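Here the protein sequences come in this chain order: A, B and C.
All residue numbers in the first sequence are consecutive under this note's numbering, ending with 695.
All residue numbers in the second sequence are consecutive under this note's numbering, ending with 571.
All residue numbers in the third sequence are consecutive under this note's numbering, ending with 593.
Where is the CB? At the ideal position from N, CA and C, for every residue including glycine.
Keep in mind the model is a prediction, meaning the values are calculated, not measured.
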Amino acid sequence: MVGFRASRAHRDERIALAILMACSAIFVVAIALILGFLAINGTKLFFQDHVSPLAFLFGTTWDGFGGHYGALPFIVGSLVATGFAILVGGPLGVAIGVFFSELAPARIAAVFKPAIEVLVGIPSIVYGWLGLTLLVPALGAITHTNGDGLLAAGIVLSIMILPTVISLSEDALRVVPNALREGSASLGATRWETISRVLVPAASSGIAVAVILGIARAIGETLAIQLVLGNAPVLPKSLLSPASALTSEIIIDMGDAPDGSPFRHALFSMAFLLLLIAMALIILIRLALRKRT
Amino acid sequence: MADAAMVNAPDVKQDLSRSRARGRRLVDAVATLLLWSAASIVVGLLLLFVAYLFYKGASVVDWHFLTGNPTAAQAGGGIGPFIYNSFYILLLTLAFTIPIAVSAGMYLQEYASRGRFRQIVQFSAESLATVPSIVMGLFGLLVFVEAFHWHFTALGGALTLTLLNLPAMMRVTQESLAGVPATYREASMALGGTKWQTIVRAILPSAIGPLTTGVVLIAGRIFGETAALIFTAGASVSYGRSAYDPSVWHTAETLSVALYQTHREALVPDADRIGNGAALVLLVMVLLFNIVARVAGRRLSRRLTGKST
Amino acid sequence: MVEAKTQLDVKMKVVDLDVFYGSFQAMKNANLDVPDRRVMALIGPSGCGKSTFLRALNRMHDLTAGARVEGNVTLDGVDIYAADIDPVTVRHRIGMVFQRPNPFPKSIFENVVYGPKIHGERNRKRLLERAEKSLRAAALWDEVKDRLNRSALDLSGGQQQRLCIARVLAVEPEVILMDEPASALDPIATSKIEDLISELKKQYTVIIVTHSMQQAARISDFTSFFLLGELVEVGTTSEIFTRPKDKRTEDYITGRYG
């Protein structure tokens, strides 16, 4: 009797393990398929339509029906909006991470932290709607322009990456051993000296990861910025002139680009480029974490 | 004070009062003030957003708006079918995401024996997590809409969202399992349980609290997702199909997609009114998901760990 | 009040010290005079409050949420808990070495000059001089002089602890508190630290918590015995180890407590 039950348990164990492994394998298959499909469809522009990759990457004229597939305006738009978000949202997010890890009294954290979690949960389309109906008119009134463009997109993205940067940099600071805080304090350092000279440097790789994931979130964001960019497929003249980004241009043009056309292939090339950037960021994170160990 | 110190110890290099480090104290005070302001500004922003959306949307949202049908070109349309589709796709997505991601999370957390496979899965999950949702949407378009000839369907949308949310769900599972004390495992194994029995009977029940919290928070994200759905589940309720279609093959414009379409190509004269209402409903849903996640997670873990397992 | 029988100058004086963690009282009514430029050992079984007592001497409890200190602690006659006293300045004058070495994840050089730098010294030449002087005083200079820019985390545990001592010396404190500084080290590293402490008392007042009675006997001039949150007895080290006045001290010395 015991022998029978033991073997049945053993069989269950093997079946369970097989199912669990199969589910795990789905992750591997999924990312491989995504890379494969995007690589094939994202390079048709070059191999099938014989548009040179340089003309795609550095061309400044975008006219899908007219045979011009220069994506530089969108690449610049994406990079500028993301760069703005990192310059504003990065330091602000790290500062708030420091606040939660080192300063916030328990009672304040109990109120502020759920607020930050709600901020993560707000859908990007709602951020876009807020940008469109609240931020753009406000910017327009202040600057006497239409208000849309890279500045508006940068501000929206800054807010959207905050929760990511805050929570990850807070985590990075929390794992810094308390012995370092005490060591610094015992040498007569003020709290700010301890934070700026010991804790932040000690948590630097974790903070780098926080910022990189912020970049990843910003560069892939679509609707929130599409609603505030003004959507002009030209190189932006200023932060306040209408512009476009890789993501927003895809969503605008995809419905119009005919099946099998170079126009459509160019949009997939832009998506493939976004995917490559995302993969590069993942590798960057791996490098940042390796430095730590 | 300084005098006292001088009398007692003539070789004292400095006194103890605040004045000695005044400049450094000032820097410290300013930094403290800035950190407090930074946190307060962000919380203030959130309050501003919530107040603004309520201010604009509160007068729009009523029973007729929530349950009514959208109109093609005249004012007074509702968002009923969009809400239905949002929940439909949400449940379908969870039905795929939870079993797959929880299984994978259990495998990585509890059966980490094969190092190489584990690393590959972990790396794949991280990569999957950074795929932008618009790119995921195009992948769904290539595979489900075109290669499978499904056209725009709730199923295709749900599968695309599954891919998008698998990594987060797996991570939640791993973290929930990691939070279970090692003694639970040892106790069950020592009683002669196999690993699988241990996981199912001892570990999963004690991890159910954080797991539920994670599921509900991810549900909130799925509910608000837009970019990945536009080219997979479609945006065409008003084309005259049955709005409350129970089939997984129906074109399913969700509330968030509808909000986007409202701005882009609405023909109705009261597009802003509908947009304000839809934005408020989305916000309220997110707030609800957050509250439910907290309350349910806490309740469940109390009940299930209180009961013997 | 228990007092060290001595005509020596009193460097620190503790009067009626209570320490609470929340509602738990970890130190009850402790009184102690700490003589200048001598080594004072604090001994007692685990959990007796000796570390709690030590951390009250440079206001480290300020950093712990829920910890509360009552009573007086004076340094050269000045109450370090008075309202107009800056804890940062207190810790400048009263340094501390911890149970486990806690070098910052920076270079050896940056560790040593951390204190001088935050206290305003920017001149690189003077910083180098200060680093060399402190590292020499901590008997570490010869081992690290060729690799000052290497990470402090590459050093052995014993070297790291001496680096932490050098880091304290570089601040030029008057009192050095040590919380079982050798407990995580091997015997050879321990004896180096002990030699160092005997050397340090020529210039500094040293207060050291130790779990080893042999260590207290070897390096200290005075010893105080703690039990269950009370300071039971203080005297010269030879008195405490040969003719303790209190029955509880005697029981501990003769090995009747764990």
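By the criterion of Cβ-Cβ separation under 9 Å, what are the contact partners of residue i in chain A?
| i | result |
| --- | --- |
| arginine 426 of chain C | Ala587, Ser588, Leu589, Gly590 and Ala591 |
| phenylalanine 444 of chain C | What phenylalanine 444 of chain C touches in chain A: nothing, since even the nearest Cβ is about 14 Å away. |
Would you say residue i lies against chain C (beta-carbon separation less than 8 Å)?
| i | result |
| --- | --- |
| glutamate 595 of chain A | yes |
| alanine 293 of chain B | no |
| valine 600 of chain A | yes |
| alanine 604 of chain A | yes |
Closer than 8 Å, CB to CB, is residue i near chain B or not?
| i | result |
| --- | --- |
| threonine 445 of chain A | no |
| isoleucine 433 of chain A | yes |
| methionine 403 of chain A | Note that methionine 403 of chain A scores 46 on pLDDT, short of 50, meaning its location in the model is unreliable; the coordinates nonetheless yield the value given after this. Not an interface residue. |
| glutamate 572 of chain A | no |
To which residues does DSSP link residue i through a beta bridge?
| i | result |
| --- | --- |
| serine 526 of chain A | Beta-bridge pairing links serine 526 of chain A to no other residue. |
| threonine 571 of chain C | C:Phe557 |
| leucine 566 of chain C | C:Phe561 |
| valine 538 of chain A | Valine 538 of chain A pairs with nothing; no bridge assigned. |
| glycine 632 of chain A | A:Ala645 |
| leucine 377 of chain C | C:Val544 and C:Ser559 |
| serine 442 of chain C | C:Ser486 |
| leucine 512 of chain C | C:Met431 and C:Ile542 |
Relative to the C-alpha of residue i, which residue among the options is closest?
| i | options | result |
| --- | --- | --- |
| arginine 413 of chain A | B:Gln459, B:Ala490 and B:Met432 | B:Gln459 |
| proline 475 of chain A | A:Val430, A:Leu678, A:Leu505 and A:Thr463 | A:Thr463 |
| tyrosine 373 of chain B | A:Ser671, A:Phe665, A:Ile687 and A:Arg416 | A:Arg416 |
| phenylalanine 449 of chain A | A:Ile621, A:Ala680, A:Ala668 and A:Ile653 | A:Ala668 |
| histidine 525 of chain B | A:Ser663, A:Leu440, A:Ile561 and A:Thr535 | A:Thr535 |
| arginine 482 of chain C | C:Asp586, C:Ile453 and C:Lys441 | C:Lys441 |
| serine 426 of chain A | B:Ile362, B:Pro394, B:Val323 and B:Ala528 | B:Ile362 |
| leucine 498 of chain C | C:Lys537, C:Lys480 and C:Tyr587 | C:Lys480 |
| glycine 319 of chain B | B:Ala558, B:Asp532, B:Ala444 and B:Glu515 | B:Asp532 |
| aspartate 521 of chain C | C:Arg465, C:Arg435 and C:Arg553 | C:Arg435 |
In chain C, which residues lie less than 8 Å from residue i when you measure between Cβ atoms?
| i | result |
| --- | --- |
| arginine 287 of chain B | Asp421 and Val423 |
| arginine 688 of chain A | Per Cβ cutoff of 8 Å: no residues; arginine 688 of chain A is ~20 Å from chain C at best. |
| arginine 583 of chain A | Leu398 |
Taking 8 Å as the threshold (beta carbon to beta carbon), is residue i in contact with chain A?
| i | result |
| --- | --- |
| valine 447 of chain C | no |
| tyrosine 346 of chain B | no |
| isoleucine 453 of chain C | yes |
| arginine 466 of chain B | According to the sequence displayed, residue 466 of chain B carries leucine and not arginine. Taking Cβ atoms only, chain A never reaches closer than 8 Å to leucine 466 of chain B, which makes this a no. |
| valine 506 of chain C | yes |
| isoleucine 341 of chain B | no |
| valine 479 of chain C | no |
| tyrosine 522 of chain B | yes |
| proline 522 of chain C | no |
| leucine 473 of chain B | no |
Would DSSP call residue i helix, strand or coil?
| i | result |
| --- | --- |
| threonine 409 of chain C | strand |
| aspartate 353 of chain C | strand |
| tryptophan 464 of chain A | strand |
| glycine 502 of chain B | Legend: pLDDT at glycine 502 of chain B = 48, less than 50; position of this residue unreliable, value from coordinates given subsequently. Glycine 502 of chain B falls in the coil class under three-state DSSP. |
| tyrosine 471 of chain A | strand |
| valine 432 of chain C | strand |
| serine 321 of chain B | coil |
| phenylalanine 327 of chain B | helix |
| proline 370 of chain C | strand |
| lysine 639 of chain A | coil |
| arginine 403 of chain C | strand |
| phenylalanine 670 of chain A | helix |
| phenylalanine 449 of chain A | helix |
| lysine 536 of chain C | coil |
| asparagine 538 of chain B | helix |
Cβ closer than 7 Å: which chain C residues qualify as neighbours of residue i?
| i | result |
| --- | --- |
| alanine 283 of chain B | Asp421, Val423 and Thr424 |
Can you list the residues of chain B that residue i reaches, using a CB-CB cut of under 8 Å?
| i | result |
| --- | --- |
| threonine 649 of chain A | Pro394, Ile396 and Ala489 |
| methionine 681 of chain A | Ser389 and Thr392 |
| phenylalanine 501 of chain A | Leu297, Trp298, Ala300 and Ala301 |
Just the chain A side, please: which residues come within less than 8 Å of residue i by C-beta, in chain order?
| i | result |
| --- | --- |
| methionine 368 of chain B | Leu422 |
| aspartate 290 of chain B | Thr592, Arg593, Trp594 and Glu595 |
Name, please, each residue of chain B whose Cβ falls closer than 7 Å to the Cβ of residue i.
| i | result |
| --- | --- |
| serine 526 of chain A | Thr488 |
| methionine 656 of chain A | Phe493 |
| leucine 459 of chain A | Those within 7 Å of leucine 459 of chain A in chain B number zero; the least Cβ separation is about 18 Å. |
Just to check, is the beta-carbon of residue i closer than 7 Å to a non-hydrogen atom of the ligand ATP?
| i | result |
| --- | --- |
| valine 530 of chain B | No copy of the ligand ATP occurs in the structure displayed, which carries no ligand at all. |
For a contact defined as C-beta to C-beta under 7 Å, what are the partners of residue i on chain A?
| i | result |
| --- | --- |
| tryptophan 458 of chain B | Asp414, Glu415 and Ala418 |
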